[in-house]
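Since the structure comes first, as structure tokens, the remarks are kept for the end.
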Amino acid sequence: MRIFPRLSSSPSSRAGLLISAMTVFMSFAVVACGGDAPADPTVVVEVPDASGESDLGPKDTSDKDSGTPGPGVIDDVDTSDPGDVDGEDTGDEADAKEEVPDLPVLPDPCDALETGASCDDGDPCTKDDVCKPDGCRGTVYECNDGFGCTRDLCDGVGGCTFPLFGDRCFIDGACWNDGDVAPGGCLACVSPVSQTTWTADDTQGCDDADACTSVDVCFGGECVGLDANECNDDNLCTDDVCTTLGGCDHASNTRFCEDGDECTVGDVCKNSVCLPGSTYVTCDDGNPCTKDGCFTGLGCMHEDDDGICNDGDVCTIDDACVKGECVSGPVLDCNDSILCTDDLCHPVIGCITRFNTIPCNDGNYCTQGDVCAFGKCQKGNIATLCTDGNPCTIDSCNIGTGACKFDPSNGTPCSDGNACTLGDFCEAKKCKSGGQVVSCDDDNPCTDDKCNATGQCEFVANFLDCDDNDPCTVGDACQAGFCEPGKGELSCTDKNPCTDTFCAPGLGCKTTTNTAPCNDNNACTTGDQCLAGQCIPGSTGATCDDLNGCTDDACVANKGCVNTPNFNLCS
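Letter 232 of the sequence shown, counting from 1, is numbered 231 in numbering that gives the first Met the number 0, and no numbers are missing.
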């Protein structure tokens, strides 16, 4: 906050007051700009008047909102009645007590600058300072956040900062003094620890608002209730709780319980009483040679029982109980009567069979060296070789006697020795030709095709006449297996002077019409012309007059002019 001391109207005191005002102003600037603030929360500002007495009394720097002291805060000076401060007489007699000597005036920072130039008037609560005709002046602004626990500081460029006083806290949007207890207790403002959050204070008393606790203490910043009222009625079938009024409530539950009878299972609470379960203990001891039962007051009882049992060994049969114990019976026979298996009994699995590879007899006299494999007797090598080398017989051995047998294999495919025949087959122990011959035709007129002794086709080049499929060539002939074009050319003339003929490769003779002069074989026409492949007659104005009055002149188509003598009169 800015302080403006009221200057005395006495001319003789103005210089002294100017120095005093500058002193106060500079002192404020130190505080406002973050300098060392006085430790005493009450700051007294003395500004001498003409009598040398203070024009300002001690300032009340209590917080703006809580009324408690806040160090470093300077409130606005009350200038409503400058002549009476704290009841003191500030009249003319007081003014005459001390004469303030004239002091030199401090230089203005704008003395060496032009009007409008930037300057610094030394007041942190002004901004945009510029030189004016009456000195360095800035625009005054105010920093006030409305909280008494913060210092309102100007930075001289239009900004504000609001640091907390060292012994104050700002928590939950409010100011607190160091040591203030938070609402609800167990927390306090401890500024050396934190100025913005509550700090646990376990020295405070508290109330957890629970009627069922008798001693409440702060622990870790929370109110904890101790010495809860004891409401246990030692009945498992009730839920015991302390009510909000401090009394006990015993509500019936449906928990599982124990009714005291060893022979009941699944006992359950109902109407605050433990009732027996609906099932009874079986008392099964897992011994098949005992009779098991449950008796009230005694519990499970087990008596010896004579009867059949199982000793757990699958390799014994007809096990029986003797004096409460299971006695093993005879050993189980696992023999499957198969020569090619080894049979044994496993005490857990029972009978198991494993394949062996011992010698055996498959009952076939045509084999020898038979041996077991995969549980069966497999035939060995052939004892008697029954083969006649004839593909048209079925060779076999009589398994009962070992004698060879050769039966005809009619219809069986075979080879008659001719590689160029197909479909050979057996008949009466002989191979017959199938009658089909291998086709070696390659559709090439320039090769001679045949089947060789190995049944493979051979294609030998020849020199026969051929046709290269081009109608414009004449005299085509085979060379090196290919049909080569002849050197002659096909003549396409149609003896018509009104058409042009030519041979198109691969197509043959082609004809086009022309408009050439022609002769229609009429001697009486001239200027005949071809049109659309025909000779069109020209004009018929042939002159046959021989200027002889004794002849008859005429034009005959196949002769031309004919002058026949006449018998006309003449001169």
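Quick reminder that beta carbons are idealized off the backbone N, C-alpha and C, glycines included.
DSSP, reduced to helix, strand and coil, places aspartate 361 outside both helices and strands of the structure shown, so it counts as coil. For phenylalanine 405 against aspartate 387, the beta-carbon gap comes to about 5 Å, under 8 Å, which counts as contact.
Annotation: tryptophan 175 to cysteine 130 spans about 44 Å, alpha carbon to alpha carbon. The criterion of a C-beta distance shorter than 8 Å is not satisfied by cysteine 159 and proline 123. Contact check between the stretch 491-506 and the stretch 450-467: fewer than three CB pairs, one atom from each, fall below 8 Å, which does not count as touching. Its chain contains Cys497, Asn513, Thr514, Ala515, Cys517 as the residues whose beta carbon lies nearer than 6 Å to that of cysteine 529, once the 5 sequence neighbours on both sides are disregarded; these appear in chain order.
DSSP places proline 123 outside both helix and strand once states are collapsed to three, so it counts as coil. In this model, threonine 500 and cysteine 491 are separated by some 6 Å (Cα to Cα).
Considering only Cys425, Ala199, Pro132, the residue with the shortest C-alpha distance to alanine 111 is Pro132.
Taking C-beta atoms as the reference points, cysteine 371 and leucine 338 count as a pair closer than 8 Å.
If you draw a straight line from the Cα of lysine 269 to the Cα of alanine 250, it is about 11 Å long. Taking the CA atoms as reference points, aspartate 239 sits about 14 Å from valine 272.
Of the other Cβ atoms in all chains shown, 16 or more fall within 10 Å of the Cβ of leucine 186; this residue is therefore buried. A straight line joining the alpha-carbon of cysteine 359 with that of glutamine 367 spans about 10 Å. In this structure, the alpha-carbon of cysteine 135 lies about 25 Å from that of asparagine 143.
Within the stretch 329-373, the complete beta strand (DSSP E) segments of 3 residues or longer fall at 340-345, 349-354, 370-372, listed in chain order.
One Cα belongs to cysteine 217, the other to aspartate 179, and the distance between them is close to 16 Å. Pairing glycine 487 with glycine 505, the inter-Cα distance amounts to about 15 Å. Look at the beta carbons and you see the stretch 548-560 not touching the stretch 531-538: under three pairs across the two are nearer than 8 Å.
In its chain, beyond the 5 residues on either side, Asp342, Leu343, Cys344, Cys350 have a beta carbon closer than 7 Å to the beta carbon of cysteine 333.
Taking a contact as a CB-CB distance under 8 Å, the pair aspartate 317 and cysteine 308 does not count as one, their CB atoms being some 10 Å apart. Taking 3 residues as the shortest admissible run, the stretch 265-295 contains the following complete beta strand (DSSP E) segments, listed from N- to C-terminal end: 267-269, 272-274, 289-294. CA-CA distance, alanine 452 to threonine 420, rounds to 10 Å.
Listed in chain order, the non-local C-beta contacts of aspartate 310 below 6 Å within the same chain comprise Asp318, Cys325, Ser327, local neighbours out to five positions each way being set aside. Here the alpha carbon of glycine 292 sits roughly 6 Å from the alpha carbon of cysteine 299.
DSSP, reduced to helix, strand and coil, places proline 504 outside both helices and strands of the structure shown, so it counts as coil.
Using a 10 angstroms sphere on the CB of phenylalanine 146, the tally of other CB atoms reaches 16 or more, which defines it as buried. Here serine 408 really is in contact with cysteine 425; their C-beta atoms are around 5 Å apart, less than 8 Å. Shown here for histidine 301: same chain residues with a beta carbon closer than 6 Å to its own, the five before and five after excluded, namely Asp284, Thr289, Asp291 in chain order.
Membership of glutamine 203 in any beta strand (DSSP E) is not indicated, and neither H nor E is assigned to it by DSSP. Your pair aspartate 127 and glycine 137 checks out as a contact, with CB atoms roughly 6 Å apart and the cut at 8 Å. Counting only residues of its own chain and dropping the five nearest sequence neighbours on each side, cysteine 256 has a CB closer than 7 Å to the CB of Leu235, Cys236, Asp266, Val267, Cys268, Cys273.
Residue burial is scored here from C-beta neighbours: arginine 353 has fewer than 16 other C-beta atoms within 10 angstroms and is therefore classed as exposed. The DSSP assignment places complete beta strand (DSSP E) segments of no fewer than 3 residues inside the stretch 205-260 at 212-218, 221-227, 237-241, 247-251, in order along the chain. In the same chain as glutamine 533, and ignoring 5 residues on each side of it, the C-beta atoms closer than 8 Å to its own belong to Cys497, in chain order.
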